[in-house]
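Right, one structure below, let's go through it.
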Amino acid sequence: MATITEEPAAATGVEADKARSHWARAWARFRANKLAFASLIFCALLIVTALAAPWIAPYHFSETDPDARLAPLLTDGHLLGTDLLGRDIFSRLIYGLRTALFVAFGAELASLVVAILIGLSAGYIGGRVDQGLMGITDVMYAFPSYLFAIVLVTVMGRSLWAVMLAIGISSWVTQARLVRAQVLTVKEREYVEAARSMGASGMTISIRYILPNAIGPLLVTTSFAIPAAIGAEAGLALLGLGVQPPTPSWGSMISEGTSYILAAPHLLFLPATLFALTLLAFTWVGDGIRDAFDTSGEDR
Amino acid sequence: MADVTVRPDGAGSGPGTDTEPVDGRLIGVDHVDKVFSTRAGDVHAVRDVSLSVRRGETLGLVGESGSGKSTMARLMMGLMAPTDGTVTFDGVDLSTVRHGDMRRLRAQMQMVFQNPYGSLLPHYSVSANVAEPLRLHKRGDKRSRRQRAIELLTMVGVNPRFADHYPRQFSGGQQQRVAIARALALEPKLLMCDEPTSSLDVSIQAQVLALLDELRAGLGLTLVFISHNLAVVERFADRVAVMCLGQVVEIAPTEILFDSPRHPYTQQLLAAVLPVSKDPLPAPATPWQPEAGDLPLREVAPGHYVRDCTT
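Quick note, the sequences are listed as chains A and B, same order. To convert, note that position 266 of the first sequence is 266 in this note's numbering; the numbers rise steadily by one, no gaps. To convert, note that position 134 of the second sequence is 134 in this note's numbering; the numbers rise steadily by one, no gaps.
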C-alpha cells in the first residue's frame with residue numbers, strides 16, 4: 001500500500017540527540033556529578049581492595065608479631081602500626097573492609113530480592129495476596145530491628161551469615177513497601193492496559209513492563225541502605241555482637257581502640273576515619289544515583 | 001433484563017438483532033450492562049447497550065465525557081467483563097473464552113489509546129515497542145521482528161532512522177503513529193481507536209486521521225472510532241452511535257444522523273458544535289433531560305434507530 005508522506009526532517013519532532021535509554025540518560029547525569037563520580041571511583045577501589053584482600057594485605061588478619069606490639073605508625077614492616085597483640089593494622093583494616101562490604105552487599109542484595117518478590121506480587125496481584133503479604137511485612141516492621149538483630153546473632157552464633165541475615169531482615173521491610181507503592185502507581189499507567197490489550201500475560205506485564213519502571217526509587221534507597229548496613233555491621237560489632245573474633249570488623253577495632261586512646265590513638269582513629277570515609281563515599285554515590293533518577297522537569 | 005428493548009422491524013429477531021444479521025457482524029454487543037461497584041456506591045457506566053460493528057465498516061461512537069464510550073471500548077475488547085449481556089467477537093462469546101485463548105484472540109483486535117506517550121513502553125525503543133506484540137505472540141525471530149517493525153514504522157510515516165530512539169524523544173503526533181504501527185503489527189481484524197486524536201493539536205490530528213483513513217482502506221480494517229469530536233466522526237465514520245449516560249440513544253448512518261437527528265440529545269449535541277460554514281442546527285426548545293428506565297430503541301427509518309423518549 002501507499003506509504004504516508006514522510007514529514008520533513010525539521011517537523012519530525014525527534015530531538016536532535018541520539019537514541020538514549022532511560023538508563024543511559026541517568027548514567028550521563030551521574031557522570032556530570034563530580035562528587036558522586038569521585039565517590040564512585042573511591043567505592044570501586046574499596047570493593048576491589050576487599051575482593052583482593054588476601055593479595056593486598058601484607059599479613060593475615062590473625063597473624064601476631066610478638067616483637068612489635070602496639071607499634072606506632074610507620075614502623076618498619078607495619079606501615080600503620082600494630083595492635084595490642086601485634087597484629088598488623090593495615091591488614092586488619094583491609095580484612096575489616098572485606099567483612100563490612102561482604103555483610104552490607106550480601107544483606108542488601110538478599111533484601112532487594114525479597115523486597116522485589118514480595119512488593120511486586122502484593123502490588124500487582126492485589127486483593128488477598130496483597131493483604132497477606134503486607135500483613136507479614138507490617139508485623140516485621142513493628143519489630144525493633146536492633147533487638148531482632150541481637151536475638152538472631154545470639155541464637156545463630158556470631159557468624160558472618162548471622163550478621164548478614166540480621167541486617168538484611170530489618171532492611172527488606174521498607175524496601176518491599178516501597179516496591180509495592182511503586183508498582184501500584186505504575187500499574188495504572190496506560191501502557192499496562194495497552195499491554196493487556198496486546199495479549200501480554202500477567203508475568204510479562206509485571207516483570208518486563210512494570211518492574212523496570214518501578215525500580216528506580218528502589219535503587220536509590222538500596223544505595224543508601226548499603227552505607228546504613230555498613231554502619232549496622234560496625235554497630236553490632238561495637239556491641240560485641242559482630243562477627244566472631246579474630247575476624248576483624250571495623251566496629252570491634254574501634255571498640256578496642258577506645259581502650260588505648262592515650263597509649264595508641266591510631267588504633268581508634270584509623271578504623272574510625274576509614275569507616276567515616278567509606279560511609280560518606282557510599283552515601284554520596286547514593287545521592288548521585290538519586291539525582292540521576294530524579295527526572296522532574298525533564299520527562300513529560 | 002426484563003424485556004427485549006430492541007424491536008427490529010424485519011430481519012432476525014431475539015437478542016442482538018438491533019441492526020444486523022448475525023453473520024455480517026464482527027462485534028456484537030447484546031443488552032450489555034456494566035456496573036462499577038465503588039465505595040461511594042454503584043456506578044452504572046453502561047446500561048442495556050446493543051449494537052454491532054459490521055466487517056469493514058467504521059463505527060463512530062460519540063457522546064460527552066462520562067457517557068460510557070471508553071467503557072464500551074474496553075467491553076468490546078474483552079478487557080473487562082460485562083455485568084450483564086454478551087459481547088461477541090467474530091461470532092465467539094468473549095465470556096466463554098478461556099484466559100489463554102483470550103490472549104491469542106487479542107491478536108485479532110488491537111487498540112489505539114488516547115494518550116500515545118502513556119500507552120507506549122517508556123523503556124523500549126520505538127522499534128522494540130512496535131515489535132513487542134509480535135514477540136508476545138511468538139511471530140518470527142528477533143531479526144525478522146525488527147525488520148517488520150521498521151517496515152511498519154515506515155508505513156505510518158516514522159523515519160526508520162529514529163527506530164532506536166525512545167518514545168519520549170518523539171512528538172505527540174509521531175508517538176501516535178508509533179502506537180498505530182504497534183496496533184497494526186499483528187494484522188488485526190479490528191482496530192479500536194479510543195479518542196486517538198484528542199490529545200493532539202489540530203494539524204497533527206488531521207495527519208493522524210489521514211493516516212488512519214489510508215490504512216483502513218489499504219488493509220480492509222474494521223474500525224471502532226470513539227470520539228467526542230463530532231466533526232472528526234462525521235468525516236470518518238460510516239455509522240454513528242450516540243451515547244448518553246451509558247445508553248445508546250441513537251444509531252444511524254453518518255449522513256442521516258447528522259442531517260436529521262431524531263433524538264433530542266443528539267440534536268442538542270449537534271447544536272452545541274460551533275459551525276464553520278453552515279448555520280447551527282436549532283437546539284431543542286427545552287433541554288433534554290435524561291430519563292429513568294430503559295426505553296427501547298426503535299427503528300424510525302431503515303438503519304436509523306432512536307431511543308424512545310417522552311419529551
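No residue lacks a Cβ here, since even glycine has one placed at the ideal position from N, Cα and C. Values in this document were obtained by computation on a predicted structure and should not be read as measured data.
Partners in chain A for residue i, counting only beta-carbon separations shorter than 9 Å
{"i": "B/Ala131", "result": "Under the 9 Å cutoff, chain A gives no residues; its nearest Cβ is about 11 Å from B/Ala131."}
{"i": "B/Leu136", "result": "Ala195, Met198, Gly199, Ala200, Ser201, Thr204"}
{"i": "B/Ala107", "result": "Met198, Gly199"}
Proximal chain A residues relative to residue i, where beta-carbon distance stays under 7 Å
{"i": "B/Met77", "result": "Ser197"}
{"i": "B/Gly118", "result": "Arg189, Glu190, Tyr191"}
{"i": "B/Arg103", "result": "Gly199, Ser201"}
For residue i, the first and last residue of its enclosing alpha helix (DSSP H)
{"i": "A/Leu30", "result": "One detail in the question is off: residue 30 of chain A reads as Phe in this sequence, not Leu. 22 to 32 is the extent of the alpha helix (DSSP H) around A/Phe30."}
{"i": "A/Met140", "result": "127 to 142"}
{"i": "A/Ser197", "result": "190 to 198"}
{"i": "B/Val233", "result": "230 to 236"}
{"i": "B/Arg307", "result": "Unbroken run through B/Arg307 is the beta strand (DSSP E), 304 to 307; no alpha helix (DSSP H)."}
{"i": "B/Glu57", "result": "B/Glu57 -> no alpha helix (DSSP H), and no H or E assigned at all."}
{"i": "B/Pro80", "result": "Note on residue identity: the sequence assigns Met, not Pro, to residue 80 of chain B. Neither: B/Met80 is in no alpha helix (DSSP H) and is coded neither H nor E."}
{"i": "B/Gly177", "result": "Here residue 177 of chain B is Arg; the residue named in the question, Gly, does not match the sequence. Per DSSP, B/Arg177 belongs to the alpha helix (DSSP H) from 172 to 184."}
Start and end residues, beta strand (DSSP E) containing residue i
{"i": "B/Lys138", "result": "From DSSP, B/Lys138 is part of no beta strand (DSSP E); its letter is neither H nor E."}
{"i": "A/Ile207", "result": "No beta strand (DSSP E) holds A/Ile207; DSSP gives it neither H nor E."}
{"i": "B/Leu223", "result": "222 to 227"}
{"i": "B/Phe89", "result": "84 to 89"}
{"i": "B/Ala241", "result": "239 to 244"}
{"i": "B/Thr38", "result": "25 to 38"}
{"i": "B/Met111", "result": "109 to 112"}
{"i": "B/Gln247", "result": "247 to 253"}
{"i": "B/Leu190", "result": "190 to 194"}
{"i": "B/Thr299", "result": "Checking the sequence, you will find Glu at residue 299 of chain B rather than Thr. Per DSSP, B/Glu299 belongs to the beta strand (DSSP E) from 297 to 301."}
Within chain A, partners of residue i - CB distance below 8 Å
{"i": "B/Phe113", "result": "Glu190, Glu193, Ala194"}
{"i": "B/Gln110", "result": "Ser197, Met198"}
Chain-ordered neighbours of residue i on chain B, where CB pairs are closer than 8 Å
{"i": "A/Pro212", "result": "His123"}
{"i": "A/Ser21", "result": "His123, Ser125, Tyr166"}
Residue i and residue j closer than 8 Å at C-beta
{"i": "B/Val248", "j": "B/Val49", "result": "yes"}
{"i": "B/Arg182", "j": "B/Glu250", "result": "no"}
{"i": "A/Ala44", "j": "A/Ala292", "result": "no"}
{"i": "B/Val53", "j": "B/Leu79", "result": "no"}
{"i": "A/Val183", "j": "A/Leu120", "result": "yes"}
{"i": "A/Ala276", "j": "A/Phe42", "result": "no"}
{"i": "B/Leu59", "j": "B/Arg298", "result": "no"}
{"i": "A/Gly288", "j": "A/Phe30", "result": "yes"}
{"i": "B/Tyr124", "j": "A/Arg20", "result": "no"}
{"i": "A/Val173", "j": "A/Tyr124", "result": "no"}
{"i": "B/Thr197", "j": "B/Arg55", "result": "no"}
{"i": "B/Gln244", "j": "B/Ser70", "result": "A small correction: the amino acid at residue 244 of chain B is Cys; Gln does not occupy that position in the sequence shown. Going by C-beta atoms, B/Cys244 is not nearer than 8 Å to B/Ser70."}
{"i": "B/Ala73", "j": "B/Val126", "result": "no"}
{"i": "B/Met76", "j": "B/Val29", "result": "yes"}
{"i": "A/Leu238", "j": "A/Ile254", "result": "yes"}
{"i": "B/Gln289", "j": "B/Lys189", "result": "no"}
{"i": "B/Leu51", "j": "B/Ala241", "result": "yes"}
{"i": "B/Leu209", "j": "B/Val232", "result": "yes"}
{"i": "B/Ser171", "j": "B/Glu195", "result": "no"}
{"i": "B/Val312", "j": "B/Val130", "result": "Missing from the structure shown is residue 312 of chain B; chain B here goes from 1 to 311 and no further."}
{"i": "A/Leu241", "j": "A/Val153", "result": "yes"}
{"i": "B/Leu211", "j": "B/Ile180", "result": "yes"}
Partner residues on chain B for residue i, Cβ-Cβ distance less than 7 Å
{"i": "A/Tyr209", "result": "Leu121"}
Proximity test, residue i beta-carbon vs the ligand NAD heavy atom, cut-off 7 Å
{"i": "A/Arg29", "result": "The ligand NAD is not part of the structure shown, which contains no ligands of any sort."}
Self-check item: Three or more C-beta pairs below 8 Å linking the region 90 to 100 of chain B and the region 185 to 195 of chain A
Solution: Flag = no, the region 90 to 100 of chain B and the region 185 to 195 of chain A do not touch.
Quiz item: How about the region 76 to 93 of chain B and the region 127 to 139 of chain B: do they share at least three Cβ pairs that are nearer than 8 Å?
Solution: With the cut-off at 8 Å, the region 76 to 93 of chain B and the region 127 to 139 of chain B do not touch.
Practice problem: Kindly confirm or deny that the region 266 to 276 of chain A and the region 92 to 107 of chain A touch, where touching means at least three C-beta pairs closer than 8 Å. | Solution: Enough Cβ pairs lie closer than 8 Å, so yes.
Quiz item: Given 8 Å as the limit, is there contact between the region 200 to 213 of chain A and the region 223 to 236 of chain A, that is, 3 or more CB pairs closer than that?
Solution: No: the two stretches stay apart, fewer than three of their Cβ pairs being nearer than 8 Å.
Quiz item: Using 8 Å as the Cβ pair cut-off and three pairs as the minimum, do the region 56 to 64 of chain A and the region 211 to 219 of chain A touch?
Solution: The region 56 to 64 of chain A, when compared against the region 211 to 219 of chain A, does not touch it at the 8 Å Cβ threshold.
Exercise. Could you run through the region 61 to 90 of chain B and flag, in chain order, every residue whose CB is less than 7 Å away from some CB of chain A?
Key: Flagged, chain order: Met77, Leu79.
Quiz item: Are the region 139 to 153 of chain A and the region 226 to 245 of chain A in contact at 8 Å, needing three or more beta carbon pairs?
Solution: In short, these stretches touch, since the Cβ pair count reaches three.
Practice problem: Take every Cβ of the region 106 to 116 of chain B, pair it with every Cβ of the region 144 to 158 of chain B, and state whether three or more of those distances are shorter than 8 Å. | Solution: At 8 Å Cβ cutoff, the stretches do not touch.
Quiz item: For the 8 Å Cβ check, are there 3 or more pairs between the region 127 to 134 of chain A and the region 74 to 92 of chain A?
Solution: Short answer: they don't touch.
Quiz item: How about the region 244 to 258 of chain A and the region 155 to 164 of chain B: do they share at least three Cβ pairs that are nearer than 8 Å?
Solution: Because the criterion of three Cβ pairs below 8 Å is not met, the region 244 to 258 of chain A and the region 155 to 164 of chain B do not touch.
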